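Heads up, the thing below is written out as structure tokens.
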Amino acid sequence: TLKAAGDDSLHPSARELEVLYQISQGKTSREIAAAMFVSENTVEAHRKSLFAKLGAVNVADLIVKAIDKGYIKKSCNR
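So for the sequence shown, our numbering puts the first residue at 432; every next one is plus one.
Next comes the structure, spelled out in structure tokens:
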């Protein structure tokens with residue numbers, strides 16, 4: 432079935448946002464899995480879902496789109 436335009440399934444879940452933030456910090460799937468106490472497969476599933484929901488083609492594109500949508504904040508401090 433098709434999802435309605437305002438459907439929440441088009442927005443990242445809280446867990447996906449946690450993964451997104453850690454990706455933006457340069458963490459690997461293994462590091463994210465350890466920090467979140469989940470398997471790497473779970474992290475990979477969240478990553479795949481994030482790419483689909485944001486229409487991203489690579490990690491850089493994912494981060495740019497996430498910043499544009501306000502899911503994460505742009506930071507110049509590293």
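Note that beta-carbon positions come from the ideal geometry of N, C-alpha and C, so glycine has one too. Remember, it's a predicted structure, so these values are computed and weren't measured experimentally.
Quick one: what's got a C-beta closer than 7 Å to P443's C-beta in the same chain, skipping five residues either side?
L451, L481, K484, Y502
Buried or exposed: where does R478 fall if 16 or more other Cβ atoms within 10 Å of its Cβ makes it buried?
Buried.
What residue range does the alpha helix (DSSP H) around Y502 cover?
No alpha helix (DSSP H) holds Y502; DSSP gives it neither H nor E.
Less than 8 Å between C-beta atoms, sequence neighbours within five positions excluded: which residues of the same chain meet that for S460?
E471, V474, E475, R478
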